[in-house]
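Going by my numbering, 62 is the number at position 46 of the sequence shown; the sequence numbering is gapless. Beneath this line is the structure, given in structure tokens, with notes to follow.
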Amino acid sequence: HEHTVNLPVSQGLNGFFGQFTLPDFGAVTNSKVWVVALTMAIVASLETLLCVEATDKLDPQKRVTPTNRELLAQGIGNSVSGLIGGLPVTQVIVRSSANIQSGGKTKVSAVFHGLLILFSAMAIPNLLNLIPLSSLAAVLLVVGFKLAKPSLFKEMLKAGRIQFIPFIVTVVGIVFTDLLIGIALGMAVGVFHILFENLKTSYFLKQHEEGELIVIELSEHVTFLNKGAVLQFLENIEPGHDVKIDATRSVFVHPDVVEIIDNFAQSEKHKNEKIEVIGLDPEKSKYERLTIKKLVNQAS
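Structure below.
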């Protein structure tokens, strides 16, 4: 029977409830228990959140699941399950997609699904034990192919490398390691791409029709990561062009970037041009150099 489902077979209700095991609270002081519990909590929560996002996309009515309430319900359920010797539960895309494909539209479908599993485990375990594991594997393969068909990979590839690289790294990481490591790798690559793109989005360049005025509009958040991009752009401006630096949209400008702008405005190279700075007040950058204050006051 090693290649078939292996459910415990109980004799009557007493035998079924006799399988429940009360927790051993003496293990609370064991650090290994806390490590395993924390790992399972993180993995189960991540799996549920991923499943929630996938389920929302499959929903014909495009409703949005309240994730906080979902995790709260899962936490309560897992706590009760653990107190009677049960395994932790998570939301699973196989059951969710089956409910959607069967026409389920409300919470009743999930409750009915759970009751059906409970009834099957209590009433017909012998019948379930006849199911080959290969059949379950085939079902999972079919469902997985429907959810991750080749067209999905093509769509992600068309979306650009910023979307595709974290996506494929996550997939490969999950397949060859586990869910937690795969998601961590995907998040790390995603954060790297965000930081890399942020380097290039510190300003928006506009140029006057006659080409005499260069307008630089700073973005909402200009961090120290943008220092190199701003410095390089300002250094490449040739003498003979008036420059207007507009920071009215900016919420925060890093002091290092403000210092670069200040040095540019005071540079000997552009002493004969009009350098105008708008909206770059000290409150946005916590930069207290007197020269930039004078420059701001003069420009305003």
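Glycine residues also receive a C-beta, built at the ideal position from the N, C-alpha and C atoms.
Going by the CB atoms, is the gap between Val52 and Leu195 shorter than 8 Å? no
Classify Ile31 as buried or exposed, calling it buried when 16 or more other Cβ atoms lie within 10 Å of its own Cβ. Rather than Ile, the amino acid found at residue 31 in this sequence is Gly. Its Cβ having fewer than 16 others within 10 Å, Gly31 is exposed.
For Pro39, which residues of its own chain have a beta-carbon under 8 Å away from its beta-carbon, when the five flanking residues on both sides are left out? Gly98, Leu99 and Gly101
Neighbourhood of Phe36 by C-beta, 7 Å cutoff - its chain only, sequence neighbours within 5 removed: Ile100 and Gly101
State the DSSP-derived secondary structure class of Leu99, mapped to helix, strand or coil. helix
Cβ pair Val80, Val110 closer than 8 Å: no
State the Cα-Cα distance for the pair His19 and Pro148, rounded to the nearest angstrom. 6 Å
Using a Cβ-Cβ cutoff of less than 8 Å, which residues in the same chain neighbour Leu144 once the five nearest sequence positions on both sides are dropped? Val21, Leu23, Ser136 and Ala137
Give me the Cα-Cα distance between Lys287 and Phe180, rounded to the nearest whole angstrom. 47 Å
Residue(s) in a DSSP beta bridge with Thr45: DSSP lists no partner for Thr45.
Taking the straight line between their C-alpha atoms, what separation do you get for His237 and Glu275? 16 Å
Assuming contact is defined by CB atoms lying nearer than 8 Å, are Val105 and Asn94 in contact in what I supplied? yes
Quick one: Cα of Glu292 to Cα of Phe212, how far? 29 Å
Below 8 Å on the Cβ atoms is my contact criterion, and I expect Val185 with Val205 to pass it. Report the Cβ-Cβ distance as a whole number of Å. 5 Å
Beta-carbon proximity of Thr239 to His270, cut-off 8 Å: yes
Reference Phe268; option with closest CA among Ser113, Asp297 and Ala126: Asp297
Buried or exposed: where does Glu254 fall if 16 or more other Cβ atoms within 10 Å of its Cβ makes it buried? exposed
Beta-ladder partner(s) of Phe268, from DSSP: His237
Nearest CA to the CA of Leu241: which residue from Ile294, Pro166, Glu284 and Val273? Val273
Straight-line gap, Asp72 to Thr83 (C-alpha atoms, nearest Å): 11 Å
Asp262 and Ile230: beta carbons closer than 8 Å? no
Cβ-based burial, Leu234 [other Cβ within 10 Å; buried from 16]: buried
Distance check for Thr64 and Lys174, CA to CA, integer angstroms please. 28 Å
Pick out the complete alpha helix (DSSP H) segments inside the region 160-201, 4 residues or longer, and give them in chain order. 166-174 and 177-192
Could you compute how far the alpha carbon of Gly120 sits from the alpha carbon of Gly42? 44 Å
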